[in-house]
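Residue numbers (the working numbering): 385 to 502.
Backbone N, C-alpha and C define an ideal beta-carbon position, used for all residues, glycine too.
Quick caveat, the model's predicted, so the values are computed rather than measured.
Working notes for the structure below.
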């Protein structure tokens, strides 16, 4: 397991971003209160190894394959638990992690966000 955190809050706009932009912005809980409406906050967790292409992401019961990792995504996860997860879409920003899967995740309090090598 490279990263294992629990969802503690889902901002009012977080589901809108998922529905309209196929993206989820994650961030350690309480780090940036001014962004709380836009993000999925989670418990602080340690990134034990860099996330890489071919790794897996599991949000709740929904599993994805990592297909691209932005240049600074691992750094921002280590610093603030922050990245933008883009699902079944294209992205090119340095803090994004692009994943592919069959369905978008549901975002529930207490669900885990896990990156791991299969």
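- With respect to the 9 Å criterion, residue 497 and residue 423 are not classified as neighbours on the basis of their beta carbons.
- DSSP places residue 482 in the strand class (E or B) of the three-state scheme.
- DSSP places residue 464 within a helical segment (H, G or I) once states are collapsed to three.
- With three or more CB-CB distances shorter than 8 Å, the region 466-485 counts as touching the region 401-411.
- The Cβ-Cβ distance between residue 500 and residue 439 falls below 9 Å.
- Under DSSP, residue 452 forms a beta bridge with 482.
- According to the DSSP secondary-structure assignment, residue 426 is paired through a beta bridge with 391, 412.
- Residue 399: member of the alpha helix (DSSP H) spanning 398-405, first to last residue.
- Bounds of the beta strand (DSSP E) holding residue 442 are 440-443.
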